[in-house]
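Working notes, beginning with the structure itself.
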Amino acid sequence: METNKDTLFSIGEALIDMVPAEKGCEFADVTAFMPALGGAPANVCAAFTRLGGQSEMLTQLGNDPFGHKIAAELAEAGVGTDHISFTDEANTCLAFVSLAADGNRTFSFYRKPSADLLYKPEQIDGAWFDRAYALHFCSVSLVPSPMKDAHVKAIEEAAARGALISFDPNLRFPLWPDREALRETVLEFLPKAHVIKVSDEEIAFITGCSTIEEALPKLFVGNVRLVLYTCGAEGARAFTRTAQAGAPGVRVEVVDTTGAGDSFAGAFLYCLYKGGVTPDRIPELSAKKLTEFLTFANAYSAITVTKRGAIPSYPTGAEFGAWLAGRMIY
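Letter 323 of the sequence shown, counting from 1, is numbered 1263 in my numbering, and no numbers are missing.
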């Protein structure tokens, strides 16, 4: 792998998660919310960076206290912020979260529109991706908007320079007045990615199939070469066109699942990067190597759900290594 292809870029939303003071409550019963940095693309960047990689976030924030808080905390987490824009035309996105007793979440978004959705294609310089190892994106910012068009440009520019394109649909139904429009948009962008991550809760909606085996022919479309299938506490599976593997989840006491899927994605992309896996080399991945990567990403995701919030729960590589040393995971 070229030594200058060393950076994970993410495009999409960086927002404030308003985390509830209590779990096991409905929204109406929450007594207080605490602001925390969030947004799936930003979370993936942070996980990749905390493990030892380099990352850059591509987004637009409101020129408001929340926007500047996000930029400062991303920089503190080691995520590159040189390409973050600010605007006075809209506010920074807020996502109010409620937590069930088992740590699972529901969301209420303040985003009509938010600053990130006004991010335009002309704000992107293709030369940024000269050093891109990968570009990661999700579906939250693919609603009809300038930001959707910015995704198209970023994907085209990054792919033209040999970057690995990673897509996690990360479905958020409250943001889409029309569910069919969401499904069609996910299917529109799937073929543009080399790596896709889908969960057991998303597979039926996206493909109409009840099992991953049935769904694979509908997922291996276009440029797709690797499918990651996550099943929460039950672990994850990985499929290329020539190999497949699975790894069980790691049992921990769940406090908050916010950002857990993003930490898995960031950790798996980090494994691909450290392994020198370019798009052309994905077919060379063996079942053994896929299992190794899945085990690493599962464990990293597990440790993050033992604390509140997303990025604040992501350990550094050294912290994660110390945690692994006390467990019989490998």
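From the three backbone atoms N, C-alpha and C, an ideal C-beta is built for every residue, glycine too.
- Can you name the residues that DSSP bridges to Gln938? There is no way to answer for residue 938, as the model of the chain reaches only from 941 to 1270.
- If you draw a straight line from the alpha carbon of Leu998 to that of Ile951, how long is it in whole angstroms? 5 Å
- How long is the line joining the alpha carbons of Phe1260 and Tyr1240, rounded to whole angstroms? 7 Å
- Task: Evaluate Ser1054 with the Cβ neighbour count: other Cβ atoms within 10 Å of its Cβ, from every protein chain shown; 16 or more gives buried, anything less gives exposed.
- Result: buried
- What residue from Val1245, Leu1225, Glu1062 and Asp1004 has the CA that sits closest to Val1192's CA? Val1245
- Task: Take Glu1128 as the anchor and find which of Glu1154, Glu1141, Gly1102 and Ile1095 has the nearest alpha-carbon.
- Result: Ile1095
- Shorter than 8 Å from the beta carbon of Asp1089 to some beta carbon of chain B? No chain B is part of this structure, which consists of one protein chain only.
- Item | Bridge partners - Phe1047, DSSP secondary structure assignment | Val1037
- Message: Just to confirm before moving on: does the CB-CB distance between Leu1212 and Leu1104 stay below 8 Å?
- Response: yes
- Task: Return the chain-ordered ranges of every alpha helix (DSSP H) run that is complete within the stretch 962 to 990 and spans a minimum of 4 residues.
- Result: 980 to 990
- Task: Measuring alpha carbon to alpha carbon, tell me which of Asp1202, Asp1196 and Pro1109 ends up nearest Gly964.
- Result: Asp1196
- To the nearest angstrom, report how far apart His1008 and Glu1016 are at their CA atoms. 12 Å
- Message: Can you confirm whether the stretch 1098 to 1118 touches the stretch 1074 to 1081 when touching is taken to mean that 3 or more C-beta pairs between the two stretches lie within less than 8 Å?
- Response: yes
- Query: What do you reckon, are the CB atoms on Ser1025 and Gln994 nearer than 8 Å?
  - Reply: no
- Task: Kindly give me the distance between the Cβ atoms of Leu1209 and Phe988, rounded to whole angstroms, as I take these residues to be in contact under 8 Å.
- Result: 6 Å
- Task: Measure from the alpha carbon of Gly1249 to the alpha carbon of each residue in Glu1232, Gly978 and Phe949, then state which is nearest.
- Result: Gly978
- Task: Buried or exposed for Pro1223, please, with buried defined as at least 16 other CB atoms from any protein chain shown within 10 angstroms of its CB.
- Result: exposed
- Task: Work out the CA separation of Asp1070 and Glu942 for me, nearest whole Å.
- Result: Reliability of the predicted coordinates at Glu942 is poor, the pLDDT of 43 falling under 50, and no value is obtained from them.
- Around the C-beta of Pro981, are 16 or more other C-beta atoms found within 10 angstroms, so that it is buried, or is it exposed? buried
- Given 8 Å as the limit, is there contact between the stretch 1156 to 1174 and the stretch 1133 to 1141, that is, 3 or more CB pairs closer than that? yes
- Task: Have a look at Ile1143, Leu1039 and Leu991 and flag the residue whose alpha-carbon is nearest the alpha-carbon of Thr971.
- Result: Leu1039
- Message: Looking only at its chain, what residues have a beta carbon closer than 6 Å to the beta carbon of Pro1252, apart from the 5 residues adjacent to it on each side?
- Response: none
- Message: Between which residues of its own chain and Ala1176 is the CB-CB distance below 8 Å, once the five residues before and five after are set aside?
- Response: Leu1168, Tyr1169, Thr1170, Gly1186, Ala1187, Gly1189, Phe1204, Leu1234, Ala1237 and Asn1238
- Message: Can you find the residues in the same chain that come closer than 8 Å, C-beta to C-beta, to Asp1042, ignoring five residues on each side of it along the sequence?
- Response: Val1194
- Task: Report all residues from its chain with a CB closer than 7 Å to the CB of Thr947; omit the five preceding and five following residues, and keep chain order.
- Result: Gln994, Ser995, Glu996, Arg1071, Ala1072 and Tyr1073
- Kindly give me the distance between the Cβ atoms of Ala1012 and Tyr1254, rounded to whole angstroms, as I take these residues to be in contact under 8 Å. About 17 Å; that fails the 8 Å criterion.
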